[in-house]
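Worksheet: the structure to be examined is printed underneath.
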Amino acid sequence: MSEPEDPRERARRRARLDAVFGEVLPEERPSRGAPSGADDSQREQWLRENKPPHH
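Per UniProt numbering, the sequence shown runs over residues 1 to 55.
This is the structure in structure tokens:
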């Protein structure tokens, strides 16, 4: 088992990874269930109209 990582070392490692690979995901993402402005019935209708034929 490894020892718990020091927060400073974790930050340094994160900075190195971000420098090489870039930030893949932001620290905080908006909720997937966040309202987009359309109500549920409009979304359901859009999904039914745009459903692929194999589903």
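Just so you know, even glycine gets a beta-carbon here, dropped at the ideal spot from N, CA and C.
What three-state label does DSSP hand residue i in the structure shown?
i: PRO52; result: coil
i: ASP4; result: The sequence given here has Pro at residue 4, not Asp. Reduced to three states, the DSSP call for PRO4 is coil.
i: GLU44; result: helix
i: GLU9; result: helix
i: ASP18; result: helix
Nearest-angstrom Cα distance between residue i and residue j?
i: GLU44; j: ALA19; result: 42 Å
i: TRP46; j: PRO53; result: 14 Å
Do we get a CB-CB distance below 8 Å when we pair residue i with the residues of chain D?
i: GLU49; result: The chain labelled as chain D is not found in the depicted structure, where only one protein chain is given.
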